[in-house]
Amino acid sequence: MDSVHLIRALTSGKVICEVTAPEWVEYLKHENNRTLVEEALEFQGADLVSSEEQDFWFAAYQDISNTEDKKRLRKDLQHILTTAEPVMTFMGMVMRALGEDTYPDIHHSFYFGTVLSAIEGSEVLHSELVKLTSKPLFKKASTKSKLSDKLAAVVSVMMDEELVITDDAGSHYIFTGKLAYQMSVIERIMLAQAPEHFNDVKDDVQNMELF
Numbered sequence: 064m065d066s067v068h069l070i071r072a073l074t075s076g077k078v079i080c081e082v083t084a085p086e087w088v089e090y091l092k093h094e095n096n097r098t099l100v101e102e103a104l105e106f107q108g109a110d111l112v113s114s115e116e117q118d119f120w121f122a123a124y125q126d127i128s129n130t131e132d133k134k135r136l137r138k139d140l141q142h143i144l145t146t147a148e149p150v151m152t153f154m155g156m157v158m159r160a161l162g163e164d165t166y167p168d169i170h171h172s173f174y175f176g177t178v179l180s181a182i183e184g185s186e187v188l189h190s191e192l193v194k195l196t197s198k199p200l201f202k203k204a205s206t207k208s209k210l211s212d213k214l215a216a217v218v219s220v221m222m223d224e225e226l227v228i229t230d231d232a233g234s235h236y237i238f239t240g241k242l243a244y245q246m247s248v249i250e251r252i253m254l255a256q257a258p259e260h261f262n263d264v265k266d267d268v269q270n271m272e273l274f
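Residue 129 in the working numbering sits at position 66 of the sequence shown, and the numbers go up by one each step.
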């Protein structure tokens, strides 16, 4: 396996998870490989970070006091904060449509037809979908008249955000580790050195009560 492509993906801000890149996740679970990547990231001022289960990996800044890095991170944070609430709302809707009692996480999946049928048969879920399409993140779905088109537009945005992927048929969707990564980024910043650099978003993060 070419570690150069993996390192480039990490330094460009990509999340490496078991759903989107299982071969890279397996590669990083081996100490020698991990050391190689860690040394390359160290040279670029970043650390290799993983979830406790090692099902997703990402590169994190060692020092965000650099002006350019701080501006980029602030922009990334603002996007996470803007999208987190509507994304969580969508995930809650899917959870209820599937009759489950826990929010979808990495590896969890759903069939478009199953969720659509549940929405069509429930006034509550129908209302949730309509309200969801009023969110700025899913604004392109608000112009759709048919429920199936609204749901398809919402799912399309989730794919654009790399929060779900689909099979070739476009009917089966799997949640990636992207949202867990985003929450991890916020938590790291709130618990480490960054709050003094991001006072304008700190209250928003705490009020979301996502941790």
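Glycine included, each C-beta is placed from N, C-alpha and C at the ideal position.
Can you tell me which of D168, Q141, F153 and E81 puts its alpha carbon nearest to the alpha carbon of K198? Measuring from the Cα of K198, the nearest candidate turns out to be F153.
Nonlocal neighbours in the same chain, by C-beta distance under 6 Å from E272, ignoring five residues either side: Note that E272 scores a pLDDT of 42, beneath 50, so its modelled location is shaky and nothing firm can be said.
Alpha helix (DSSP H) segment containing L69, residue limits: In the DSSP annotation of this structure, the continuous segment of the alpha helix (DSSP H) that includes L69 starts and ends at S66 to T74.
Buried or exposed: which applies to T206, given that a residue is buried once 16 or more other Cβ atoms fall within 10 Å of its Cβ? Its Cβ having fewer than 16 others within 10 Å, T206 is exposed.
Can you give me the C-alpha to C-alpha distance between S66 and S180, rounded to a whole angstrom? Looking at the two C-alpha atoms, the distance is approximately 44 Å.
Starting from I287 and walking both ways along the beta strand (DSSP E), at which residues does that stretch end? An answer regarding residue 287 cannot be provided, because it is not within the stretch 64 to 274 covered by the chain.
Chain-order list of residues whose beta-carbon lies under 6 Å from that of T229 (same chain, five-residue window excluded): Excluding residues within five positions, the ones whose Cβ falls inside 6 Å are Y236.
8 Å Cβ cutoff met for I169 and E89: Their beta carbons are not under 8 Å apart, which means I169 does not touch E89 by this criterion.
In the DSSP output, which residue or residues are listed as bridge partners for L111? BP columns for L111 point to A122.
Excluding sequence positions up to five away, which residues of its chain have a Cβ less than 6 Å from the Cβ of S114? Result list for S114: empty, nothing under 6 Å.
Take S172 and list the residues in its own chain whose beta-carbon comes closer than 8 Å to its own, dropping the five residues that flank it on each side. Closer than 8 Å at the Cβ level, and outside the excluded window around S172, lie H235, Y236, I237 and F238.
Taking Cβ to Cβ, would you say G240 is nearer than 8 Å to V78? Result yes, Cβ atoms of G240 and V78 sit closer than 8 Å.
Would you say Y124 and A147 are within 8 Å of each other, going by their C-beta atoms? It is not a contact, given that the beta carbons lie outside the stated cut-off.
Taking 8 Å as the cut-off, decide whether the C-beta atoms of L192 and I182 are in contact. With respect to the 8 Å criterion, L192 and I182 are classified as neighbours on the basis of their beta carbons.
So what does DSSP say about V82, is it helix, strand or coil? V82: coil per DSSP, three-state reduction.
In the DSSP assignment, find the unbroken alpha helix (DSSP H) run with F106 in it and report its ends. E94 to F106 is the span of the alpha helix (DSSP H), which, as asked, contains F106.
Which value, in whole angstroms, describes the spacing of the CA atoms of N95 and E105? A straight-line Cα-Cα distance of about 15 Å links N95 and E105.
With a Cβ-Cβ cutoff of 8 Å, do P149 and F201 count as a contact? The criterion of a C-beta distance shorter than 8 Å is satisfied by P149 and F201.
Roughly how many angstroms lie between the CA atoms of M158 and D164, to the nearest whole one? If you draw a straight line from the Cα of M158 to the Cα of D164, it is about 7 Å long.
Our contact map puts F121 next to L73 with C-beta atoms below 8 Å; I'd like the distance itself, whole angstroms only. That pair is a contact at about 7 Å.
Within 10 Å of its beta-carbon, does E232 have 16 or more other beta-carbons around it, so buried, or fewer, so exposed? Going by the sequence as given, residue 232 is Ala instead of Glu. Its Cβ having fewer than 16 others within 10 Å, A232 is exposed.
If you run the structure through DSSP and keep just helix, strand and coil, what is Y244? For Y244, the three-state secondary structure derived from DSSP is helix.
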